[in-house]
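As structure tokens, the structure follows; a few thoughts come after it.
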Amino acid sequence: MKPTIGIEVHVELKSNAKVFSLSKNNFNDAVNSNINVIDLGYPGVLPILNKGVIDDALKACLALNFKINRLMHFDRKNYFYPDLPKGYQITQQDTPIGYDGYVEISNKKIYLERMHIEEDTCKSLHTTDTLLNFNRAGVPLLEIVTKPCISSGKEAIEYLEKLRETLLYLGISDVKIEEGSMRCDVNVSVSNTDALGTKVEVKNIGSISNVGVAIDYEIQRQQQLLANDEVIVEQTRRFDDKTKTTVLMRYKETGNDYRYFPEPDIPYVYIDDQWLNEIKNSMPILTDELKSKYTNLGLNTNNIKTIISNKDVCNFLESVIEKVNPNIAANLLTGDILSYLNKNYIKLEESKLTKNNFIKLVELLDKKTISSKQGKEVINILMETGKDVLDIVKENNMEQISDDNLVLDIVTKVINNNPDSIKDFKEGKDRAVKYLMGQIMKDSKGQVNPALANQLLISELNKR
Amino acid sequence: MKYLDLDIKTINQKLKNKEIKPIDLVNEAFAKIEVNNLNCFITLNKEEAIKQALKLENQEVDNILFGLPIAIKDNIITKDLRTTAASHILDDFIPVYDATVISKIKEKNMIIIGKTNMDEFAMGSTGETSYFGNTLNPWDKTSVPGGSSSGSASCVAARITPFALGTDTGGSIRQPSSFCGVVGLKPTYGRVSRYGIIAFASSLDQAGPITRNVYENALLLNVISGHDNHDLTSSYEEVKDYTSLIGKDVSSLKIAVPNYYMSEVIDKKVKQAVLEVIEILKKEGCQVDFVDIDYLQYAIPLYQIIALSEASSNLARYDGVRYGLKIDNFNNIDELYKNTRSIGFGNEVKRRIMIGSYILSGENANVYYYKALKLRKIMTDNLKKCFNQYDLIIGPTNTDVAYKLGVKQDDALKSFYDDLLTIPVNMAGLPALSLPIGFKNNLPIGMHIIGNYFQEEIIYQLASFIEKTLNLNLNAKEVK
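Same order as they appear, the protein sequences are chains A and B.
When you line the first sequence up against the working numbering, it's residues 1 to 464, in that order.
When you line the second sequence up against the working numbering, it's residues 465 to 944, in that order.
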């Protein structure tokens, strides 16, 4: 029995102002502080149009391979609800800014039917009364709808992660599903014939991984119903996080009638070549491009994955990558630095790590001035104190002795003190070199450059 | 001395000479309101108006509209001054902002006398759908003043204020101006900002001046015109001095008279008055041709579909949640909506919301609404074509003069027929003016002058010529 899955995603854009008014777009400010007469739907007010929102939507169109409706308009979606101040939502029904797009995941393309711009409603808080926070009213949203072409929870997760990553790297949204800046509704149907089955919508899914859980649960539930020859009724269900199941909310009312018509207060918007080219030229590097770049630089797959999924780490790497050995830099960032950040629950930009210090540290490691073990110690001190790397190295006597003459002095001294080892070496015993190296490290308090010392030791021994 | 009967140039001179003060004009206006008893106003702004007038005494008279009283239709938002749209649902609504047109008249230091009576939410053409009772026509208190800008037209006709603002969605400035014997202009769509105009049908609504004569009408248009960042449909077209062609030779004007505007549904005396004006114009040297403009005959169904659809959406916000009337005994949200809207809206408004909602529902949207949009475009194109050959279109504003109060209240369709000749103008977004050109049974007859987009000055040019030539006595009180 074949499952078919479609996903509708709503993404809040992080524009400065709301989409149809000049109120600040920041839900988290004091309740009902970012509002004006337009957001409240006062008599006589008219919408304005935030061009930056269209810019952001165009970026998303390009990144998600959408065709663009160059001449587009807005529509009114009419319905009554307390969180909808005007009694209608301004959205795009006839001319979504993007149509026929796709996203590539590992083994297939996920086809996107449409993407349109709309305004968010205000946020209801149900206590004994219903309280309304209009900070959210008019926050710009992109709604992105896939075709019914997803076939498993795993594919859905992969699609959503790719989508999230793309929008994050575009810099147009926080895309945090946990905080509501990304919301996913899924449609699941199962059919034992070639025709599509009955659509069941699942709402209220609070994380990307739970989208997968919800889908797989719903597929199994519907398959079981069909196996028992039961009829599936079109309905809306919600995901229950505790039981990891879906629960019936309501049966779909037929003919939900939103009385759409073109919004007469906003003239048609024409996106000309110049506008589109400006957007094309302002596109940031996206994850596919970054992945191939890092692969070409020789970074390993795990590191690449870790870097891409931590955008601030990736941004940091990008800002220094021309100046350092990328492999050492990636190892540092994905290893000790990231684990320090995670342990302390801070972001990279909140830490004491500076680009300059990071570049110096990578250089010291690259030139083998300090050992990788010493590098770890430096990072710990660096992240705590923010001190200059060179000072840290000096203060802790970590500088390796890499001067040929100094190293040779120590090597010669150790060989002279251990004539038996020369004999062992001549007889081909490996342990002689290891023993002598140990003595060299001991004599230098571990500060001698081991590679250099080893090289000099063998050449000195061969001379004897 | 009745200062408010003097022309604006004279009043302005007297204000400059300190012969009179703004407070004299304000006091006279309020005295007249009491004497006239026309129910022109829903809310008077007496205290504020007096305060402002006294304040202006110490200020330089820096423009021709300085210190002059103006009346504002009550669907135009005025900060701190109750704005009801003549509806129970907004009868306690005190706005926190000014409409752009209000900011503009305040910049010129005009003095708002009060908010004028109107049909509820501008839905009606008699003034009778107002929650606050009907307005009277100063020419005959048993006849309707027309609507929906009934109070604004009546108040100027009674010479209570020399200026008023109205709004026009299908004829709501021109029809009452015609019935009350005053000059009313609906500007080109986009000429005047709609920000702060309580929306009825957004693609048709336009605010405009109602005045005693043509010159003063142009003066007020000069003030309220212009692009507004708050209104995406307002035009960037340069604002002209709309008085500039007044008094200029009209002999080279080419004028079209649509046969549709002179059909058998037009009252004979009204038609006669228009024909007499046409004769004058021809004598003056104007080219006047009778022409056929197809699709004008669809005006009323188009209006019913487009205006009522938009209205059903525009009036959804009056739900009792955030402002205005809230009927408190409800058990759930749907009951709050139902009770508030059932009690808050009058019958005509409810009827129009229902029709509009029906038209937009499901497949009806294609059958009616989208088809109407196509027809609207064809009608507009036909009018545009006419302006390729002609400077102006003229005809009567209405099929007849004012009729008796009460006669159209029982017939939901009849009131639309008042707008037979005015609606095409709104559909196309053209500017048009109504000018008194004579009387039938002591009731004024209005002539309709329609111009090409953003050519209001040419409308005024012809209107002022006709006005001067006819030289009618248009003071309602003196005629009686």
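The beta carbon of each residue, even a glycine, is placed where N, CA and C say it ideally should be.
By the CB criterion at 9 Å, A:VAL103 and A:ILE110 fall inside the cutoff. By the neighbour-count criterion, in which 16 or more other beta carbons inside 10 Å mark a residue as buried, B:LEU938 falls on the buried side.
In summary, the residues of the segment 75-99 of chain A whose CB is separated from some CB of chain B by less than 7 Å are ARG76, ASN78, PHE80, PRO82, PRO85, LYS86, GLY87 and TYR88, in the order they occur in the chain. For B:ALA892, the three-state secondary structure derived from DSSP is helix. Annotation: the continuous beta strand (DSSP E) that includes A:TYR111 extends over 109-119.
The segment 121-139 of chain A and the segment 85-92 of chain A touch, with three or more beta-carbon pairs separated by less than 8 Å. For A:ARG250, there is no enclosing alpha helix (DSSP H); the residue is part of the beta strand (DSSP E) that begins and ends at 245-251. Note that the C-beta distance between A:LEU348 and A:ASP312 is below 9 Å.
In the DSSP assignment, B:GLN751 falls within the beta strand (DSSP E) that extends over 751-755.
Closer than 9 Å to the CB of B:GLY630 there is not a single CB belonging to chain A. Residues of the segment 556-575 of chain B that bring their beta carbon within less than 8 Å of a beta carbon in chain A comprise PHE557, PRO559, VAL560, TYR561 and ALA563, in sequence order. In the DSSP annotation of this structure, the continuous segment of the beta strand (DSSP E) that includes B:ASP632 starts and ends at 627-632. Beta-bridge analysis with DSSP links B:THR507 to B:LYS579. For chain A, the residues of the segment 691-718 of chain B that bring a beta carbon within less than 8 Å of one of its beta carbons are ASN693, HIS694, ASP695, LEU696 and THR697, in chain order.
With the criterion set as a beta carbon lying under 8 Å from some beta carbon of chain A, the members of the segment 814-830 of chain B are SER821, LEU824, SER825, GLY826 and ALA829, in sequence order.
Rounded to whole angstroms, the separation of the alpha carbons of B:THR593 and B:ASP669 is 18 Å. Less than 9 Å separates the beta-carbon of B:ALA771 from that of B:GLY634. Look at A:THR128: its C-beta is not under 9 Å from any C-beta on chain B. Its Cα nearest to that of B:GLU524, the residue B:PRO486 stands out among B:PRO486, B:THR804, B:ASN905 and B:TYR782. For the C-beta of B:ALA780, the chain A residues within less than 8 Å are, from N- to C-terminus, ASN78, PHE80, LYS86, GLY87 and TYR88. Contact between A:ILE321 and A:ILE379 fails: their C-beta atoms lie close to 18 Å from each other, not under 8 Å.
B:ALA563 is classed as buried because its beta carbon has at least 16 other beta carbons within 10 Å across all chains shown.
Under the rule that a run must span 3 or more residues, the beta strand (DSSP E) segments found entirely inside the segment 624-709 of chain B read 627-632, 647-650 and 670-675.
One Cα belongs to A:ASP404, the other to A:THR166, and the distance between them is close to 50 Å. Residues of chain B with a Cβ closer than 7 Å to the Cβ of A:GLY335 do not exist, since the nearest Cβ in that chain sits about 53 Å away. Pairing B:LEU629 with B:ALA535 gives a Cβ-Cβ distance under 9 Å. For a cut-off of 8 Å, the C-beta gap from A:HIS73 to A:THR95 is around 6 Å, short enough to register as a contact. Annotation for B:GLY915: the continuous beta strand (DSSP E) segment containing it runs 907-915. For A:GLY44, the neighbours in chain B by C-beta distance under 9 Å run, in chain order, ASN539, ILE540, ILE541, THR547, PRO559, TYR561, ALA563, ARG658, TYR659, GLY660, ILE661, ILE662 and ALA663. Between the C-alpha atoms of B:MET582 and B:ASP758 there is a straight-line separation of about 33 Å.
If you draw a straight line from the Cα of A:GLN455 to the Cα of A:GLU377, it is about 26 Å long. Boundaries of the alpha helix (DSSP H) around A:ILE422: 419-426. Those residues of the segment 783-805 of chain B placed with their C-beta closer than 9 Å to a C-beta in chain A are ASP783, VAL785, ARG786, TYR787, GLY788, ILE797, ASP798, LEU800 and TYR801, ordered along the chain.
Taken in chain order, the whole alpha helix (DSSP H) runs of length 4 or more contained in the segment 337-413 of chain A are 338-344, 355-366, 372-385 and 389-395. By the Cβ neighbour-count rule, B:ILE807 is exposed, with fewer than 16 other Cβ atoms within 10 Å of its own. Taken atom to atom, the span from the alpha-carbon of A:ASN325 to that of A:ASN204 is near 45 Å.
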